[in-house]
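Some notes on the structure that comes next.
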Amino acid sequence: MTARRLDAAGVIDRARALQFSWDGRPLTGFVGDTLASALLANNVRIVGRSFKYHRPRGIFGAWAEEPNAIVDVENGDSQEPDARATVVELREGMAARGVNARPDVAHDRYAAIDWLHRFLPAGFYYKTFFPDWHRYEPRIRAMAGLGRVATTPDARRFETRSAACDLLVVGAGAAGLAAARAASGAGLSVILADDRIAPGGSLRWRDGMIDDQPAAAWAAATAEALAAQGVRVMPHTTVFGAYDHTTFGLLERRSTAAVGWSEDRLWHVRARRAVLATGAIERPLVFPDNDRPGVMSADAVLQYLRLYAVLPGTRAVVATNNDSAYAVAVALRLAGAEVTIAEARADIPPAARAAFDRDIRVLAGSTVLGVIGRDGVRMVDLGPADARSAREATLRVAADLVAISGGWSPAVHLHSQSGGKLRWDAATAAFVPVAPRPDHDLAGGADLAAALVSGHEAGCAAARMLDRACTLAPPRAEPTAPQAAPRALWRVPIRGARQWVDLQNDVTTRDIALAARENYSSVEHLKRYTTLGMATDQGKTSNVNGLAVLAEETGRAIAEVGTTTFRPPYTPVTLGAVAGMRHGALYSPWRRLPAHAEHVALDADMRDYGSWFRPACYPRTGETVPQAIRREAMAVRGGVGVFDGSSLGKIMVCGADAAQFLNIVYYTEIANLKPGHIRYALLLRETGVVQDDGVVARLAPDRYLLSPSSSHTQSVLAHLEAWRQTECPTLRVAMHDVTAAWATFVVAGPRSRDILAPLTDIDLSPSALPHMALSQGRICGVAGRIARVSFSGERSYEVSVRSGYAVAMWRRLLQAGTAHGITPYGVESASLLRAEKGYILIGVDTDGLTLPGDLGMSSPLRTKQVDFVGRRSLLMPDARRPDRRQFIGLLPEDASDVPAVGAHAVTRGQDGRLRSIGWVTSACHSPALDRSIALGMVERGRGLAQAGAELELFHLGRVSRARACPPMFYDPAGTRLHD
Amino acid sequence: MLLIPCPWCGPRDEPEFTYGGEPAVRPGPAADISDAQWGGYLYMRGNDKGPHREIWCHSFGCGQWFVLERDTVTHAIFSARKP
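Here's what the structure looks like:
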């Protein structure tokens, strides 16, 4: 037993114990614990297996920098794979499991891989398994990877929010609190975000006095006072990304006690300015076997002691190259541990005085040369920091904890993400910002008093930039003695030993040396070749050590090597939080027809059609969907059917120049259309490609009603608006979408007139209302329109009334048609009827290359005088190629075989190989012809159709035959339409 | 996320807008221009690094198209003008 819980202190609530499990073992923790602190308190040493070599790994850090403790966490009905145990708040009933090991991390049968390490250097997989990677991939993939992704829907609820403020302060440590205090005091609206569970940063575990209060108490009181005066204080909220124009992405984790509605929240914060007070991350020291469980970040050790009252080890070696670890050594000693300090610097610094006062042994010029103990530290060899061989060790001490501090790297991620440059500062051995970004101020410092002043000044600077004056005096701390310079110590120069630089990705100094020998000397290449600094921790602990080793290997200065670019997110962001509420029914909310309830009452098979929720068909009891579609289609051909066409787009175009405008934007001639008449028209893009089709009705000389396809209405309106505003700004024309204002019911079939005529004062006789004409009047007593257009090939009337009358009108039509056997028909049945007539569906029968000529509609190009949209494109050589794909009909040889949509029409070349000359775009079994029919786009299709050529259709290895024909299977003369 | 100053509505978030690319002047009449001229109008854009003139539509706002001058490197916005 080595790690244990102390009897007093910490922020944990000892009155409230929590039961949880680790790899199936029941354990106990307290409210206030993280999963990592609870595991340590239970002396769980091995929490993971390393990514590549399956070496046992223990907890290294205490928060977001943790590279080792990647675990799967299950909380009731929610699961989170690959969580860092150090940032997971412990909850009652939590079940955590180690990953990347079988059967578990303590007894991993893949551990033997480590013996083969000599044969598994960086680039091993590329070199060994190329070019036959696909053969090995399944087995390698099965072994690789970390956690298991849940297979059930996540029960957690997420939310996305937006906020704006004058100033966003990132980090609520000494500097951040001082900045927020100054800015808020100057009258700015401030958001203060900090990724830790409580504000305060290192004030919560490092000693100090601020304004005559203990630092931790000052932090808590200041955060509370700021919240009281209107600052939005957001603890447990990670600012993970800095984006354009001072936008930031924040992930708020509200997992403590199900606060209100949601758990994790994603925030988009638009600030006028930002103060980055993000603190620093402690770097490890690099020495042989520095990845053994029990080797921990010194600052993390202090956090476990102070916050969670966990003593990670009773016999500790503290190895450091800077002053910050002395406080850790003293705290360990006071908690009852035996402590030895290995100080890399030759001169004992003044900070060591506190250690001497506690009778702690300090070895100057020393560092760790080796660690003994496979599943956890048992003994440590100490020796000169410049030793070239492990034999130079001068002292072997029994130890169960090695607390290491290799210096501090400022958390410059957000600065760098927003385009800020970095420079190497040799004095502090760290990359620091060259200058803040124009909208940012930077704050922080290694010394408490300096950090407070820096934060205060940053807050005041932000206030000044926003024309406010800062009136408060800065918080005051006693200045401390200046710190001694750290010793740059990037590794122990022992050749051959395995020294880990990146614990998460299993990258050693040897891998970096190998990369340098193979000329991967650019830091970006190094990263990609060795995976250094990738994955969830993004090099938080490994980056600078890795660069420094590369610099040594290539004989350059660190400043010359430079650093890689930091990119968002700073820490992993749950995808659920990115999606927020945009999933399920809210992913893309359906538009419902105004008579929706009537269709539901008829047990319609409702489906999603490009944002509209519409009846596919109306199956009767015991009837399959294909049977229902067939019955409905036959009812329209033989009697009468009614179709809810309310989703059909309706765009009103008004104005003295409406005719002129539409003649420019439409391919089809519009200007000579007479009021009361309707024309089928194509809309092209400037590239000549068919964008949409539909009918255009002229209601009056200066009023047109366009009917784009149901799902294209918005894009068509946007297209027309763009042309109106940018190319035709002088034309007097206005347009708007009136789709939702009107309900439209299509009454189609030979008996349609018999039903409608008694219901309306509009004369429906063929002479008064011929095909493609429209009349306004009263239907069932309410004002409306009847348009005679047909998408089915039968005589057909589109009845439009205000959408408020939709339900009443639907019922009246069904009632009036009862005697005639009126049959409601859905989208699928309508689609079958149009296929029999060879009417195109844009985006189904056409694609992003289809020109009007390909559809057999080339007369406007010849006859129309206006420079309409897309005209010039139709004169380009490509548009006039004789071998373009053209729209044709296909009659399969086997009349019972419906070809697959997407099946290719193929020809055999000289070499016997198949070549695609087009494909099937629509296919169905036609009830009217009682055989299968298809439509398709085929090279030189019209010639083939005229000749009645036999084509081969190829689909998934199966070949069938079909005869090309004109794309019109039913009533080619159109007598039924005009009847 | 850019903060775009719509000339009619004032500064608004980027998701409210639709990007229209670099404006191209439509050549014409169709009969008088070469294939190359037309191809250039359809497809050829400067794609400049640095200051860039482009058109945007405030789709989820006033619905108006306008000309924006923006730096494609720093994303700084210099001006937004009514046409």
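Protein chains in written order, with our numbering: chain Y, -14 to 964; chain R, 4 to 86. Virtual Cβ for every residue (Gly too), placed ideally from N, Cα, C.
Chain-order list of residues whose beta-carbon lies under 6 Å from that of residue i (same chain, five-residue window excluded)
i                      : result
residue 441 of chain Y : 163, 167 and 459
residue 238 of chain Y : 221 and 249
residue 784 of chain Y : 730, 764 and 771
residue 754 of chain Y : 760 and 773
Residue range of the alpha helix (DSSP H) that includes residue i
i                      : result
residue 439 of chain Y : 433 to 450
residue 612 of chain Y : 610 to 623
residue 928 of chain Y : 926 to 932
residue 128 of chain Y : 118 to 128
residue 161 of chain Y : 159 to 170
residue 509 of chain Y : 508 to 515
Cutoff 7 Å; reference residue i; Cβ partners in own chain excluding five residues on either side
i                      : result
residue -14 of chain Y : Per-residue confidence for residue -14 of chain Y stands at a pLDDT of 42, beneath the threshold of 50, marking its modelled position as unreliable; no derived number is given.
residue -10 of chain Y : 26, 294 and 295
residue 892 of chain Y : 900 and 902
residue 717 of chain Y : 640, 641 and 642
residue 577 of chain Y : 598
Where the beta strand (DSSP E) through residue i begins and ends
i                      : result
residue 271 of chain Y : It is not in any beta strand (DSSP E) - residue 271 of chain Y carries neither H nor E in the DSSP assignment.
residue 232 of chain Y : 232 to 237
residue 22 of chain Y  : No beta strand (DSSP E) contains residue 22 of chain Y, which is instead part of the alpha helix (DSSP H) from 20 to 26.
residue 228 of chain Y : 222 to 228
residue 594 of chain Y : 590 to 594
residue 73 of chain R  : 68 to 74
residue 405 of chain Y : Looking at the DSSP string, residue 405 of chain Y is not in any beta strand (DSSP E), and its letter there is neither H nor E.
Beta-carbon spacing of residue i, residue j below 8 Å
i                      : j                      : result
residue 275 of chain Y : residue 382 of chain Y : no
residue 626 of chain Y : residue 402 of chain Y : no
residue 69 of chain R  : residue 86 of chain R  : yes
residue 790 of chain Y : residue 621 of chain Y : no
residue 671 of chain Y : residue 858 of chain Y : yes
residue 67 of chain Y  : residue 84 of chain Y  : yes
residue 496 of chain Y : residue 88 of chain Y  : no
residue 830 of chain Y : residue 920 of chain Y : yes
residue 677 of chain Y : residue 665 of chain Y : no
residue 639 of chain Y : residue 171 of chain Y : no
residue 370 of chain Y : residue 474 of chain Y : yes
residue 584 of chain Y : residue 604 of chain Y : no
residue 301 of chain Y : residue 384 of chain Y : yes
residue 292 of chain Y : residue 409 of chain Y : no
residue 646 of chain Y : residue 602 of chain Y : no
residue 416 of chain Y : residue 539 of chain Y : no
Same chain, Cβ closer than 8 Å to residue i, five either side skipped, listed in chain order
i                      : result
residue 66 of chain R  : 60
residue 4 of chain R   : 16, 17 and 18
residue 884 of chain Y : 875, 877, 905, 908, 917, 919, 938, 940, 945 and 947
residue 102 of chain Y : 38 and 483
residue 445 of chain Y : 167, 168, 171 and 455
is_contact[residue i, chain A] using C-beta, thresh 8 Å
i                     : result
residue 78 of chain R : This model lacks chain A altogether, as its protein chains are Y and R.
_Which complete beta strand (DSSP E) runs does the stretch 848 to 891 of chain Y hold, if anything under 3 residues is left out?_
870 to 877
*Where in the stretch 325 to 361 of chain Y do unbroken runs of the beta strand (DSSP E), each at least 3 residues long, occur, reported from the N-terminal end onward?*
346 to 349 and 351 to 357
*In chain order, which continuous runs of the alpha helix (DSSP H) of length 4 or greater are located wholly inside the stretch 751 to 811 of chain Y?*
791 to 802
*Is the stretch 415 to 425 of chain Y close to the stretch 140 to 151 of chain Y, with three or more CB pairs under 8 Å?*
no
_At least 3 beta-carbon pairs within less than 8 Å: the stretch 320 to 327 of chain Y vs the stretch 46 to 53 of chain Y_ = no
*Going along the chain, which unbroken runs of the alpha helix (DSSP H) with 4 or more residues stay wholly within the stretch 689 to 733 of chain Y?*
698 to 711
*In chain order, which beta strand (DSSP E) runs of at least 3 residues are fully inside the stretch 545 to 599 of chain Y?*
590 to 594
*Any contact of the stretch 441 to 451 of chain Y with the stretch 562 to 573 of chain Y, i.e. 3+ C-beta pairs under 8 Å?*
no
*Examine the Cβ distances between the stretch 812 to 820 of chain Y and the stretch 612 to 621 of chain Y and report whether three or more of them are shorter than 8 Å.*
yes
*Can we say the stretch 548 to 563 of chain Y touches the stretch 392 to 402 of chain Y, given the rule of at least three CB pairs closer than 8 Å?*
yes
*Take every Cβ of the stretch 308 to 321 of chain Y, pair it with every Cβ of the stretch 520 to 529 of chain Y, and state whether three or more of those distances are shorter than 8 Å.*
no
*What are the complete beta strand (DSSP E) segments, minimum 3 residues, inside the stretch 14 to 78 of chain Y?*
55 to 60 and 63 to 69
*Given 8 Å, three or more beta-carbon pairs between the stretch 129 to 146 of chain Y and the stretch 173 to 180 of chain Y*: no
*asked:* Can you confirm whether the stretch -10 to 9 of chain Y touches the stretch 264 to 283 of chain Y when touching is taken to mean that 3 or more C-beta pairs between the two stretches lie within less than 8 Å?
replied: no
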